[in-house]
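Asks: Encoded as structure tokens, here's the structure I'll be asking about.
Number of protein chains: 2
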Amino acid sequence: MLPRAVHLTDVGPRDGLQNEGVPVSTEAKVAFVRALVAAGVREVEVSSFVRPDRVPQLADAAEVFAALGPAPAGVVYAALVPNERGLDRALAAGVGKVSVFTAATETFNRRNVNASVAESLARFAPVVARARAAGLPVRGYVSTAFGCPYEGPTPSAQAVDVSRRLLDLGCDEVDLGDTIGVATPPDVAAVLEPLLAHVPVGRVVLHFHDTRGTALVNVLEGMRFGVASFDASAGGLGGCPYAPGASGNLATEDLVYLLDGLGIETGVRLEALRDAARPLEGLLGRALPGKVFRAGPAPGPHCGGPVTPSRPPR
Amino acid sequence: MLPRAVHLTDVGPRDGLQNEGVPVSTEAKVAFVRALVAAGVREVEVSSFVRPDRVPQLADAAEVFAALGPAPAGVVYAALVPNERGLDRALAAGVGKVSVFTAATETFNRRNVNASVAESLARFAPVVARARAAGLPVRGYVSTAFGCPYEGPTPSAQAVDVSRRLLDLGCDEVDLGDTIGVATPPDVAAVLEPLLAHVPVGRVVLHFHDTRGTALVNVLEGMRFGVASFDASAGGLGGCPYAPGASGNLATEDLVYLLDGLGIETGVRLEALRDAARPLEGLLGRALPGKVFRAGPAPGPHCGGPVTPSRPPR
Chain A
6 MLPRAVHLTD VGPRDGLQNE GVPVSTEAKV AFVRALVAAG VREVEVSSFV RPDRVPQLAD
66 AAEVFAALGP APAGVVYAAL VPNERGLDRA LAAGVGKVSV FTAATETFNR RNVNASVAES
126 LARFAPVVAR ARAAGLPVRG YVSTAFGCPY EGPTPSAQAV DVSRRLLDLG CDEVDLGDTI
186 GVATPPDVAA VLEPLLAHVP VGRVVLHFHD TRGTALVNVL EGMRFGVASF DASAGGLGGC
246 PYAPGASGNL ATEDLVYLLD GLGIETGVRL EALRDAARPL EGLLGRALPG KVFRAGPAPG
306 PHCGGPVTPS RPPR
Chain B
6 MLPRAVHLTD VGPRDGLQNE GVPVSTEAKV AFVRALVAAG VREVEVSSFV RPDRVPQLAD
66 AAEVFAALGP APAGVVYAAL VPNERGLDRA LAAGVGKVSV FTAATETFNR RNVNASVAES
126 LARFAPVVAR ARAAGLPVRG YVSTAFGCPY EGPTPSAQAV DVSRRLLDLG CDEVDLGDTI
186 GVATPPDVAA VLEPLLAHVP VGRVVLHFHD TRGTALVNVL EGMRFGVASF DASAGGLGGC
246 PYAPGASGNL ATEDLVYLLD GLGIETGVRL EALRDAARPL EGLLGRALPG KVFRAGPAPG
306 PHCGGPVTPS RPPR
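Structural data, given as structure tokens:
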């Protein structure tokens, strides 16, 4: 029994652009976020209040939020926050939701933020408490929930344990990421079965990478467990830093195309979503990898011939 | 309940290379077929005995079969055959299996072979009879079984009807193709449910294109109906002629990666499969799109760092 509706978070402006080598202007980011919302996306991960020298692509987080102004009714503008200083900046910028992030594997977390998982969780305690006191919902990301570029397959108990700790800290939801895109449906089941014994399914978000083509089969498996909130990136923006030249985030269009086919409501219009991502190809100077982004929607009845695909920039 | 084992046909040498603009030498084709077999592929669609002026990429079909010699035990070398003259050439070349092909939609068949579906079927009657008399198994392809670039969505009754007619002609199996890659699982179910009311599931093969990212979810749906024979193309070779720049055939590596994850036996070794497709990148001068081909297999436990991805040719 699949859910009737699914909540989508487009992480393209943050997770996508962070992994693109070419800087994008503040104006273009703002236009991108607005176009996503115009396409029906109700949650956008807009930027990240991490150290600008670490992630220069997102150094303009405050400017992006300032230019965006308040989110329209029913829309959430979220931002990543690594610590209390980041939270201060995020609160000053008027973010609508805060995301903290750690990993299910020690080596990944150490290399990513130079801290153990326990240290990260301790650092988040005041962040989560203050964000909630400010009335903001908090998401807790668990990277490498299924596999780690350094440690190999992640024991599911680790992903479950870190998820529960994030929720115990006060996170409203936990978002388990297949950071290197290795999961197949049995891996998803191996995490969700024990996790959902302790956690209401409404507090679980899944974030799949399509690096090995399994993102959509994993979404299906997640939905079979009742999960109804997924991350994706318009156009498939953002490569995989652990396998250069390979895909990273699941493309939002590909997810919407499948959900449309399954009759599952998302509120997102496919063609408008393609329009939102299209300017990024020119700005980044590369073809975006999303399959539906490239191929276009299905040809309608008697449409007169093959659809016009998106042409990559020269 | 999924099947315990799945039979894979690699259609790369025929369906893949036919849709690549760059010609590939007979020697390279032979090496490609041999490498696929070395990787564990037990059925290869080697070439096509169509008019050389129509498909110049495959004009050397007889030379490829001659150079290959007899197929190893347990391996099938198949070829496409459009008519009796093609069958004569195929029989002389020593093919191990013959495939005839028509479509579920009239406009597509008319544009593809300048004949109605009924005319195609009539033309196949002696082809199928003579092939079987020669002791060869016969596959019947149904293109546009789910959607047509000219007519839009295909009514499932048409796909079922053409499939049954091909089997009635004497085809051993029918292979339903999502030629333009538009199907989602409900479309697969809409064809399989009525088809399997008349046809044993062992006579059904599915051929999905990943043009809109749904090939693997459709394979899963097919397996849920008991289908255990699928086509794919090493490296994702062959684009989509109906959406230039977009993906066509499902990449064999992506299919094997999923089936490996599901614990479903294929007999195919993933790394050897990547090795088989890798030379084609140099020959075609373009990066192949298969995701697992690009990203590599999952990093093992304590592998010491991210995997080395396949780098596209410069």
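As they're listed, the protein sequences go chains A and B. Counting in our numbering, the first sequence tops out at residue 319, every number present. Counting in our numbering, the second sequence tops out at residue 319, every number present. All C-beta atoms, glycine included, are put in the ideal place defined by N, C-alpha and C.
1. Which residues in the same chain as Y262 (chain A) place their Cβ atom closer than 6 Å to its Cβ, once the five residues preceding and following it in sequence are excluded?
2. Go ahead and label R208 (chain B) buried or exposed: buried means 16 or more other beta carbons lie within 10 angstroms of its beta carbon, across all protein chains shown.
3. Interface residues of chain A around L221 (chain B) at Cβ under 8 Å?
4. If contact means a Cβ-Cβ distance below 7 Å, which residues of the region 147-175 of chain B contact chain D?
5. Would you tell me roughly how many angstroms separate the C-alpha atoms of N254 (chain B) and L200 (chain A), rounded to the nearest one?
6. Here's a check: name, in chain order, each residue in its chain whose Cβ is nearer than 6 Å to the Cβ of V81 (chain A), leaving out the five neighbours to either side.
7. Identify whether N88 (chain B) lies in helix, strand or coil by the three-state DSSP scheme.
8. Less than 7 Å separating the beta-carbons of A282 (chain A) and A239 (chain A)?
9. Excluding the 5 residues preceding and the 5 following D265 (chain B) in the sequence, name in chain order all residues of the same chain whose CB lies nearer than 8 Å to its CB.
10. Determine the chain A residues that contact S252 (chain B) at a beta-carbon separation under 7 Å, and present them in chain order.
11. For R9 (chain B), count neighbouring C-beta atoms within 10 Å of its own C-beta (all shown protein chains included) and say buried if the count is 16 or more, exposed if not.
12. Identify each residue in the region 274-304 of chain B for which the Cβ-Cβ distance to at least one residue of chain A is less than 7 Å, and report them in chain order.
13. Our contact map puts S53 (chain A) next to R90 (chain A) with C-beta atoms below 8 Å; I'd like the distance itself, whole angstroms only.
14. Using alpha carbons as the reference points, say which of A:L285, A:G268, A:D192, A:G218 lies closest to G268 (chain B).
15. In whole angstroms, what separates the C-alpha of V133 (chain A) from that of E286 (chain B)?
16. So with Cβ pairs under 7 Å, would you call D259 (chain B) a contact of chain A?
17. Give every residue of the same chain whose Cβ lies closer than 8 Å to the Cβ of H307 (chain A), excluding the five residues on either side of it in the sequence, and list them in chain order.
18. Using beta carbons (cut-off 7 Å, strictly below), is G266 (chain A) in contact with chain B?
19. Please state if the CB of G241 (chain A) and the CB of L293 (chain A) are separated by a distance shorter than 7 Å.
20. Could you check if A109 (chain A) is buried or exposed, using at least 16 other CB atoms within 10 Å of its CB as the buried criterion?
21. Listing by chain order, which chain B residues have their CB less than 9 Å from the CB of P190 (chain A)?
22. I'd like to check one pair, D177 (chain B) with H212 (chain B): are the Cβ atoms closer than 7 Å?
23. Would you mind telling me which residues of chain B sit closer than 7 Å to A10 (chain A), beta carbon to beta carbon, in chain order?
24. For V29 (chain B), collect the residues of the same chain with a Cβ closer than 6 Å to its Cβ; drop the 5 residues on either side in sequence, then sort them by chain order.
25. Give me the Cα-Cα distance between V210 (chain A) and G231 (chain A), rounded to the nearest whole angstrom.
26. Cβ of L85 (chain A) within 7 Å of Cβ of S104 (chain A)?
27. From this set, A:A136, A:P77, A:R144, A:G99, which residue's C-alpha is nearest T107 (chain A)'s C-alpha?
28. Under a CB-based cut-off of 7 Å, is V187 (chain A) close to chain B?
29. Taking the continuous alpha helix (DSSP H) assigned at Y146 (chain B), which residues delimit it?
30. Using the C-alpha atoms, what's the distance from D166 (chain A) back to E124 (chain A)?
31. Between the Cα of T31 (chain A) and the Cα atoms of A:E68, A:G17, A:R56, which residue gives the shortest distance?
32. For N119 (chain A), count neighbouring C-beta atoms within 10 Å of its own C-beta (all shown protein chains included) and say buried if the count is 16 or more, exposed if not.
33. How long is the line joining the alpha carbons of P154 (chain A) and S168 (chain A), rounded to whole angstroms?
34. Can you list the alpha helix (DSSP H) stretches of 4 or more residues lying completely in the region 220-303 of chain A, in chain order?
35. Using a Cβ cut-off of 8 Å, which residues of the region 45-78 of chain B contact any Cβ in chain A, in chain order?
36. Taking all protein chains shown into account, do 16 or more other C-beta atoms lie within 10 angstroms of the C-beta of G140 (chain B), making it buried, or fewer, making it exposed?
Replies: Working from what's here:
1. V297
2. R208 (chain B) comes out buried.
3. Residues of chain A passing the Cβ test: G218, T219, L221, V222.
4. Included in the structure are the protein chains A and B, with no chain D among them.
5. 36 Å
6. E48, G101, K102
7. Coil.
8. yes
9. For D265 (chain B), where only same-chain residues beyond five positions count, the Cβ hits under 8 Å are T271, L275.
10. For a Cβ distance threshold of 7 Å, residue set K296 of chain A lies close to S252 (chain B), ordered along the chain.
11. exposed
12. Cβ contacts with chain A come from K296, V297, R299, A300, G301, A303, P304.
13. Actually they are not in contact, since the Cβ atoms of S53 (chain A) and R90 (chain A) sit about 13 Å apart, beyond 8 Å.
14. A:D192
15. 49 Å
16. yes
17. In this prediction, H307 (chain A) has a pLDDT of 48, which is less than 50 and means its spatial position is unreliable; nothing more can be read from the coordinates.
18. With its beta carbon less than 7 Å from one in chain B, G266 (chain A) belongs to the interface.
19. yes
20. buried
21. L225, L263, G266, L267
22. no
23. Within chain B, no residue comes near A10 (chain A); the closest Cβ sits about 17 Å away, beyond 7 Å.
24. L22, L288
25. 11 Å
26. yes
27. A:R144
28. yes
29. For Y146 (chain B), there is no enclosing alpha helix (DSSP H); the residue is found in the beta strand (DSSP E) stretching over 143-148.
30. 15 Å
31. A:E68
32. exposed
33. 19 Å
34. 220-229, 257-266, 275-289, 296-300
35. none
36. exposed
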